[in-house]
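Here's the structure, in structure tokens; my notes come after.
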Amino acid sequence: MANIERPASTNEVATVATPSSSLGALKRPVATTGWKSWLFTVDHKKLGIMYSATALFFFIVGGLEAVLIRLQLAAPNGKVLNADLYNQMFTMHATTMVFLFVMPMAAGLANYFIPLQIGARDVAFPRINAFSFWALLFGGIFLNMSWFLGGAADGGWFMYAPNSGPIFSPSHGIDFWILGLQLTGIASLAGAVNLITTVLNMRAPGMKLMRMPIFTWMQLVVQFLLLFAVPVITVALFLLSFQRNFGATFFDVSAGADPLLWQHLFWIFGHPEVYILILPSFGIISEVLPVFSRKPLFGYPFVVFSGAAIGFVGWGVWAHHMFASGLGPVSVAVFSISTMAIAVPTGVKIVNWTMTIWGGKLQFTAAMKFAVGLIVLFTIGGLSGVTHSVAPSDTQQTDTYYVVAHFHYVLFGGAVFGLFSGFYYWWPKVFGKLLNEKLGTWNFWMMVIGMNMTFGPMHILGLQGQPRRMYQWTEARAGEGFFNLGFWNTFASVGSLVLSTGILLFLINVVITTRSGKVAPLDPWDARSLEWMTSNPPKEHNFDSIPTVSHLDEFFHRKYQEDASGQMVKVKTAEQVMQELEDNADAHIHMPSPSYWPIVLAAGLPVIAFGVIYSIPIAIFGGVIVLFGAYGWAIEPSTAPDDDFDPPATTKDVVHVG
Amino acid sequence: MTSDSHADGGAHSSTGLSNNKLGMWLFLGSECLLFGGLISTYMLYRGRVGAGPRPSQVFDIPFTSVSSFVLLMSSLTMVLAVSAAHKGDDRNTYLWITVTALLGATFVGGQVYEFTAFYNEGMGFTTSLFSSSFFVLTGFHGVHVTVGIIMLMSIVGIMKRSKVPGSKAETVEMIGLYWHFVDIIWIIIFTLIYLIPA
Amino acid sequence: MRRRVVGAVTGIATTMFLAGCATNAPQDTWKPKGPNAKIIDDLQKPVFAVAGIIGVIVTAAVITAVIKFRDKGQPIPHQSHGNPALEITLTIIPALILTVVGVFTFRTVFDLAKTSDTEMIINVTGQQWWWEYDYPVQNEFGITQPIISSGQLVIPAGTKVLLRETSRDVIHSYWIPALNGKRDAVPGRVHLNRIEADKPGIYAGQCTEFCGLSHANMRMEAVALSKADFAKWVANQLKPYTSPAENTLAKEGEAVFMNQCTRCHQVNGMKRADGTPVIAAPDENLVSGAAPNLSHLMSRNTFAGATFDLLNTTCRKDVWGADSESFGAKYLSGVSEDCLNQTDLRGWLRNAPAMKPMYANPALLASTGGKYRGMPNLGLTESDIEKLVAYLLTLK
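Protein chains in written order, with the numbering used here: chain V, 1 to 658; chain X, 659 to 856; chain E, 857 to 1252.
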């Protein structure tokens, strides 16, 4: 669909012309339905759905990897996985969850909702957007092909050198890991440029930065973090791949290298990365809590500035992952202090969320449950994080299950719960149907109970001395008493099955809703922000007319006014607000056209990666595909020009845009 | 990669920069971190020559100074190209872009010659940590220059067939931004690697 | 209903937390047995307490809000946008708490880094997947020649020991929780860590930096002996080698050992029939370049990176469970034939890679230039194993 010719009356559906040819040789893709319309789309909404579906798939993959780990550790001297497979399993579980689930899921929600929240019709660079998605998908597939081609990476997701070098890890698994992450890194970087430009340049009239929805704000911080953090891990990955594939000695101690170089490069990326993982979920619940408390976010400016502060200070704490690495007491002390400092802006948010629900009119939909769950669970995880910030204490805790407990509370209880809150909240807008609330309640409680059963005991396991990354434990070293380490290992494994059941309930909910779910009203939650001021699902061009914004929570302010006695009363329904937009519909809306080039260019990348591992001519062939794709892309206009199209034959009021 | 998407509601952008320009600035910001990582690695390993030659034994500062000057001049010609594009002077735009590309190619050619000489003097990619870091840093820079040259020549070819989408001047300006950035990085690299003794 | 569920969950969680610890977990980080671990513990317990209190306050606040402000049909609430004074107060309070914690942390970091009062130095080298200890000459402790041992780090109790840690291959980490936090052992670097035990005893530890296949099986113990007992231990370690008597099974075992084991394992003082000293060459045969020195093997009571016990179950309980007064004598008596854990030792000799995963697989030797990683399956006959065990028992 290239041009949407808007007839003067709003009753007629816009018709679409079929392109005849473009540049003589390659026609522009034209399908509006069917698989081709997804393959070549540049519509941020379709891309958002594809990102999220991909992420959900990898969530299941990562979850299965986790369950296998827990099954191995359910009993002493486990026989489910041997040492080699176990090491691959925990490496891939972490890599999959971080890079192929949380990040793409956040990207999917950002893609779908940022343009809607700021009153735009798409992102700044729609084709780059499509390219980002395909690069991510191909990167994720490439990474996981290692399972079938000689074994997956087995050096831990942090891949410390020299263990990750060619001598100690000769199989190709780590090469797949390196190159797969380079691909997903390209996707993230392109996405960051795209979304920052979108947010800074394409806001609706009147939407000052401090009137932006908080989800968009948090995502803006995330994109800046990505912009600057991804190049650092790119360097680290290049150096390691040059060592593994071309004989360089960057991490080879016998050649004089410093093994700590890898750690510094990785964690300078790795610490901002954890804020990349959590801030989107902070943004989500900062939207959800106000809606279901029927009052605004408490201290919006504080939440914004604390998010930016976290993004900023987050660059100065990386070596807290290296307290035991031999940095010397001065560095250790400095990073310890800076890590304590970053707890302050994080803690502020907890205050803000609690005060948002305080005094509200709380409606405990599934989305709200997950949001409230995040507040408590993230606090627990954050507090264990504060105990880590005390460096001497951390030298007892690091590399034990206590750390595993910490980050699973903040990542699962924090990031994942936030994402689930977003699912239940935004599902009706994206798919036009409401997820089943009863199943949602069961989903929530199973996940809460399962999560605490799995990760709660890990605090005890860690403090009582069980290290991480151990493929088996023995009864002899599990201490005495009924509640010894063995008991808690088994307990945690049972918990992981409860947790899995909870996730399964969500998937069942999705299937049932798709088949026979309740059709959602336009504004099921009486929400506050602009993405709700659209149809279910939004039209391709999002808004018939771009709204002018005069408040934070603009949509809410169009529906509600304060009466004489200070009470909020509803003056317009959502339908009425929508009608206003439609009545003022823009006559001519140019939307970016679908394109082949993003997927073509993205397809060249895994070919290059294969070539690097197996045979350089293949890499060169991949490079040719990339060049071909880049060239085709460069000469293609983002919106197909009108002379590419036959004029539509039917509607009477079409104005030919010349 | 021009985005003439009217989906952005026209050229009214809150920052005053077009999407393309803002996007390029952001990309260059990330490139600072990329080169920052590579430069840090080089600075860490610059003294670790192992059994291989030391920098003072292989560097030919006068030669590299000349090729640096060539690259610097290419930034000047790039400025002239952008100026011509703004004036709508197609002929001079093509001329100055082509000269820029040629100067850039001369620079890259100089690097190829230089690296070949190093290799023949016993300093290969894997010889020592110093040599690996040197080649990775200068190599990445060289690749960036080469990509710039390809972009320059492509834009001349595409513009001559009037097929470039969007405003010509803005496209030339964007590539100009990239080109100047690559030049500035070279000034930093040249200073740190060649001029400051290890 | 919701209140009951919340109450039930809270109740269960609290009970679990209070009841739920192992007793005598060998690597418990909250039971310091030396001054360094105690310094850490003194710092961390108040921090945990404060964190716990804050956690309870936040949870209570949220649960209260959830119950008190649920939708009971009240009108849309006052659209409060915030309360800057409250925000700033609730920002300053945690900042102040953290400042206090920060000051104490700062001091503790430097306290733990002090090395000027070191009394004894031991060099610790990690490699896949065991620890080697080199005691440099220190006459004040009777160490008149360097001692090389592995697995069990023997130290005098009440003595400020400084470990100088490094690695021969990848990054490992040395951690004896009862005595101090961990410190990474990094190839190409030397890191310092202080170890001091208050009383005699045996303190378990583990490698805590992922180092490959058998990372989970890379363990060690610190063994603290009274000063007198330590002197006895040193004297024993410096005793010259005595070959087994002729025509004994052990003597035959010595021959098997020389044939099969001395490629990698060194026993100090061992001589061939022609009088030449036997020097092991692990650097030629192993990726990491070293194998445990087996001199006086039976003066230790674990082997294979402290993964397996040399003592059988009864004797182990006796030695490991001894109180600090009687521990020294029991430890010094070493491993006798009655106490030997025949199963594990024989299993190891029979097929080491089957007991502890290592890339001792000949098929993968191409990638390591022909060198083994860890001990290979030597294909020994049962009779060889019989002889070897008899011989090893003489290494007291």
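We put the CB at the ideal spot given by N, CA and C, even for glycine.
Less than 8 Å between C-beta atoms, sequence neighbours within five positions excluded: which residues of the same chain meet that for residue i?
i              : result
N194 (chain V) : V123, A124, F125, I128, N129 and S132
W464 (chain V) : Checking the sequence shown, residue 464 (chain V) turns out to be Gln, not Trp. G479 and L485, listed in sequence order.
H541 (chain V) : I4, R121, I589 and M591
Can the beta-carbon of residue i be found closer than 7 Å to that of residue j?
i               : j               : result
W157 (chain V)  : A204 (chain V)  : no
L722 (chain V)  : S188 (chain V)  : Because residue 722 (chain V) is not part of the residues shown, which for chain V are 1 to 658, the question remains open.
P115 (chain V)  : Y51 (chain V)   : no
A371 (chain V)  : S421 (chain V)  : yes
G1203 (chain E) : M1214 (chain E) : no
A585 (chain V)  : D526 (chain V)  : no
V1010 (chain E) : W886 (chain E)  : no
M458 (chain V)  : F412 (chain V)  : no
P29 (chain V)   : Y596 (chain V)  : yes
S1005 (chain E) : Y989 (chain E)  : yes
T454 (chain V)  : L383 (chain V)  : no
A324 (chain V)  : V386 (chain V)  : no
G139 (chain V)  : D154 (chain V)  : no
In whole angstroms, what is the alpha-carbon distance linking residue i and residue j?
i               : j               : result
I949 (chain E)  : V957 (chain E)  : 13 Å
Y112 (chain V)  : K46 (chain V)   : 8 Å
V1026 (chain E) : S281 (chain V)  : 37 Å
T1132 (chain E) : F1113 (chain E) : 16 Å
F260 (chain V)  : H934 (chain E)  : The residue you asked about is not Phe; residue 260 (chain V) is Leu in the sequence shown. The straight-line gap from Cα to Cα measures roughly 55 Å.
I310 (chain V)  : A951 (chain E)  : 15 Å
L149 (chain V)  : S615 (chain V)  : 15 Å
V235 (chain V)  : F721 (chain X)  : 29 Å
F839 (chain X)  : L686 (chain X)  : 7 Å
C1117 (chain E) : V390 (chain V)  : 47 Å
W844 (chain X)  : S726 (chain X)  : 8 Å
A152 (chain V)  : V918 (chain E)  : 43 Å
R1234 (chain E) : A476 (chain V)  : Rather than Arg, the amino acid found at residue 1234 (chain E) in this sequence is Leu. Approximately 29 Å, taken between the alpha carbons.
L1035 (chain E) : P329 (chain V)  : 19 Å
F506 (chain V)  : T354 (chain V)  : 26 Å
A881 (chain E)  : A1246 (chain E) : 34 Å
Q397 (chain V)  : V906 (chain E)  : 17 Å
The beta strand (DSSP E) with residue i in it runs from where to where?
i               : result
P1218 (chain E) : Run containing P1218 (chain E): none; DSSP gives neither H nor E here.
M210 (chain V)  : From DSSP, M210 (chain V) is part of no beta strand (DSSP E); its letter is neither H nor E.
H588 (chain V)  : H588 to H590
T699 (chain X)  : Element bounds for T699 (chain X): not the beta strand (DSSP E) but the alpha helix (DSSP H), N677 to Y703.
V98 (chain V)   : Taken as a continuous stretch (DSSP letters only), V98 (chain V) belongs to no beta strand (DSSP E), as it is neither H nor E.
N979 (chain E)  : M976 to Q983
State buried or exposed for residue i, treating a residue as buried only when at least 16 other CB atoms are found within 10 Å of its CB.
i               : result
Y771 (chain X)  : exposed
H588 (chain V)  : exposed
E1238 (chain E) : exposed
How is the alpha helix (DSSP H) around residue i delimited, first residue to last?
i               : result
P888 (chain E)  : That residue, P888 (chain E), is in no alpha helix (DSSP H); it is neither H nor E in DSSP.
W353 (chain V)  : P329 to I357
K429 (chain V)  : F417 to F431
D175 (chain V)  : G173 to N201
H744 (chain X)  : I719 to K745
C1018 (chain E) : Note on identity: in this sequence residue 1018 (chain E) is Leu, with Cys being the wrong assignment. Where L1018 (chain E) is concerned, there is no enclosing alpha helix (DSSP H), although the beta strand (DSSP E) it sits in stretches over V1017 to S1023.
D1240 (chain E) : E1238 to L1248
A1078 (chain E) : Where A1078 (chain E) is concerned, there is no enclosing alpha helix (DSSP H), although the beta strand (DSSP E) it sits in stretches over R1075 to L1081.
Skipping 5 residues on each side, what residues in its chain have a beta carbon closer than 7 Å to that of residue i?
i               : result
C1195 (chain E) : L1167, N1168 and C1171
M202 (chain V)  : I118, A120 and A124
So, for residue i: in the same chain, excluding its five sequence neighbours on each side, which residues have a beta-carbon less than 6 Å away from its beta-carbon?
i              : result
Q363 (chain V) : F292
Q561 (chain V) : V571
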